[in-house]
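Numbering (full-length UniProt numbering), first residue to last: 3 to 346.
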Amino acid sequence: RHDPLVLGIETSCDETGIGIVRGRTLLSNTIASSMDEHARYGGVVPEVAARAHLEALQPAIEAALAEAQVSLADVDAVAVTSGPGLAGALMVGVGAAKALAVSLDRPLYAVNHLVGHIAADILDAGAPPLEYPTVALLVSGGHTSLLLVRDLTTDVELLGETVDDAAGEAFDKVARLLRLPYPGGPEIDRAAATGDPTAIRFPRGLSRASDMAAHRYDFSFSGLKTAVARWTEQTRAAGQEVPVADVAASFREAVVDVLVTKALAACEAYGVPRLLLGGGVIANRRLRDVALERAGAAGVAVRIPPLSLCTDNGAMIAALASELIMSGRRPSTLAFGADSTLPV
Ligand code: KG4
Ligand code: ZN
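Right under this line is the structure:
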């Protein structure tokens with residue numbers, strides 16, 4: 003028996019991701035993004051994203067097959083993100099995956115997007131196998147979640163998630179306040195490079211010791227965003243220029259501080275000396291540096307997959323399904339739909 007060749011489809015947000023893996027080996031990872039179409043709105047527009055997926059899917063599948071040097075007939079199983087994410091966007095991927103599985107007469111695996119982010123780690127060819135248990139911090143424009151992974155295919159527990167904005171969303175909104183373009187994360191990162199992170203003390207939501215002591219690992223970034231809005235408004239009202247670099251650096255520091263503090267608090271509380279990072283916000287240099295530095299001091303080993311596997315992609319979805327197949331899990335029936343709030 004050979005390792006399964008799995009084609010994964012990811013359409014939960016604005017990236018149309020098609021990935022092909024054989025067992026734990028990455029063969030291709032094709033991504034078409036509709037980000038440019040959302041730029042003028044300052045955030046992802048669900049209807050626009052869904053239409054873009056419909057147009058991008060077929061060419062993305064063909065490109066992924068070509069890159070992997072396989073044909074559709076070689077595919078052993080189809081995998082798709084069934085949630086969480088934007089309902090309309092998810093539906094396009096789920097519909098395509100069902101059509102593909104039925105027409106090829108192959109098993110279909112519906113998987114959870116967040117668990118998929120964790121599975122991305124398996125495809126990191128240079129890294130030793132993922133050890134359990136591990137805490138995972140997933141941070142993107144759509145989610146900010148802290149998970150305890152005892153086993154990728156059977157036991158993933160949600161420890162906390164954002165109660166309002168995702169961290170990436172906060173970057174995007176604050177960039178807007180600072181009159182920087184979308185997406186805001188890279189822009190704020192760039193502006194922050196010359197700023198003073200201690201210039202303004204912005205609030206760290208839900209990160210009092212008492213929050214953690216009560217085993218609450220939820221995040222909140224809307225208070226921080228409001229604080230930045232108030233600060234910039236007052237500065238402009240006083241006829242002064244907003245010190246963009248200092249605001250960006252101080253804001254970024256607040257986000258990074260909260261993310262790392264809570265992730266390491268969970269590692270300590272559960273006695274887990276391993277932390278896996280994922281999601282598009284991991285592109286943030288400061289987040290990676292602070293996580294590595296503070297985790298090192300706490301004796302926690304940090305894993306960061308290559309960035310192309312951290313942002314939304316189809317390969318992580320295929321990788322998760324491949325693990326499910328190799329652990330003997332039965333495929334999904336065709337009865338599932340898209341679930342925008344699918345729990346882990
Ligand atoms: O995972 P991703 O590509 O797509 C989803 O949101 O699902 O993440 C995109 C998010 C955006 O909010 C973007 O502003 C943020 O990640 N981001 C960053 C950086 N690069 C991208 N945030 C902070 N610092 C960065 N360098
Ligand atoms: Zn994601």
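Virtual Cβ for every residue (Gly too), placed ideally from N, Cα, C.
{"Asked": "Neighbourhood of ligand 2 [Cβ distance below 5 Å to any heavy atom], ordered by chain position", "Found": "142, 314"}
{"Asked": "Local conformation of residue 168 per DSSP, three classes", "Found": "coil"}
{"Asked": "Contact the region 293 to 300 vs the region 256 to 266: 3+ CB pairs below 8 Å", "Found": "yes"}
{"Asked": "Three-state class that DSSP yields for residue 384 in the structure shown", "Found": "Residue numbering for the chain in the displayed model covers 3 to 346; residue 384 lies beyond these limits and cannot be assessed."}
{"Asked": "Per DSSP, the bridge partner or partners of residue 85", "Found": "114"}
{"Asked": "Reduced DSSP category for residue 306 - H, G, I as helix; E, B as strand; rest coil", "Found": "coil"}
{"Asked": "Supposed close pair residue 319, residue 284 - CB separation, criterion 8 Å", "Found": "Actually they are not in contact, since the Cβ atoms of residue 319 and residue 284 sit about 18 Å apart, beyond 8 Å."}
{"Asked": "C-beta atoms of residue 105 and residue 70 nearer than 8 Å", "Found": "no"}
{"Asked": "Which of helix, strand or coil DSSP assigns to residue 173", "Found": "helix"}
{"Asked": "Inter-residue CB distance, residue 80 and residue 102 (contact presumed, cutoff 8 Å)", "Found": "5 Å"}
{"Asked": "Check whether residue 171 and residue 143 have beta carbons under 8 Å apart", "Found": "yes"}
{"Asked": "Three-state secondary structure assigned by DSSP to residue 334", "Found": "strand"}
{"Asked": "N-terminal and C-terminal residue of the alpha helix (DSSP H) that residue 146 is part of", "Found": "First-last for residue 146: 146 to 153, but that is the beta strand (DSSP E), not the alpha helix (DSSP H)."}
{"Asked": "Extent of the continuous alpha helix (DSSP H) run through residue 190", "Found": "186 to 194"}
{"Asked": "Among 152, 40, 33, nearest to residue 64 - alpha-carbon criterion", "Found": "33"}
{"Asked": "Cβ contact check for the region 153 to 161 and the region 175 to 191: 3 or more pairs under 8 Å", "Found": "no"}
{"Asked": "Proximity of residue 337 and residue 93 at Cβ, strictly below 8 Å", "Found": "no"}
{"Asked": "At least 3 beta-carbon pairs within less than 8 Å: the region 131 to 141 vs the region 149 to 156", "Found": "yes"}
{"Asked": "At least three beta-carbon pairs within less than 8 Å, the region 191 to 207 to the region 245 to 259", "Found": "yes"}
{"Asked": "Backbone CA spacing between residue 78 and residue 28 [nearest angstrom]", "Found": "15 Å"}
{"Asked": "Residue 123 CB to nearest heavy atom of ligand 1 below 7 Å", "Found": "no"}
{"Asked": "Distance, residue 141 Cα to residue 169 Cα", "Found": "6 Å"}
{"Asked": "Beta-carbon gap between residue 57 and residue 50 smaller than 8 Å", "Found": "no"}
{"Asked": "Cα-Cα separation between residue 184 and residue 174, rounded to whole angstroms", "Found": "6 Å"}
{"Asked": "Range covered by the alpha helix (DSSP H) that runs through residue 324", "Found": "316 to 328"}
{"Asked": "Residue 165 versus residue 75 - alpha carbon distance", "Found": "44 Å"}
{"Asked": "Continuous beta strand (DSSP E) stretch holding residue 280: start and end", "Found": "276 to 280"}
{"Asked": "Reference residue 125, options 345, 316, 220, 43, closest by Cα", "Found": "316"}
{"Asked": "Residues of its chain near residue 26, where Cβ-Cβ distance is below 6 Å and the 5 sequence neighbours each way are ignored", "Found": "124"}
{"Asked": "Assigned exposure category for residue 167 - 16 Cβ within 10 Å defines buried", "Found": "buried"}
{"Asked": "Host beta strand (DSSP E) of residue 136 (start-end)", "Found": "136 to 141"}
{"Asked": "Whole-angstrom distance between residue 156 and residue 323, CA atom to CA atom", "Found": "12 Å"}
{"Asked": "Straight-line Cα distance separating residue 334 from residue 226", "Found": "41 Å"}
{"Asked": "Option nearest residue 46 by Cα separation, candidates 15, 21, 235, 5", "Found": "15"}
{"Asked": "Separation of residue 82 from residue 354, as counted between CA atoms", "Found": "Absent from the model: residue 354. The displayed extent of the chain is 3 to 346, so no value can be given."}
{"Asked": "Residue burial classification, residue 309 (beta-carbon count within 10 angstroms, cutoff 16)", "Found": "exposed"}
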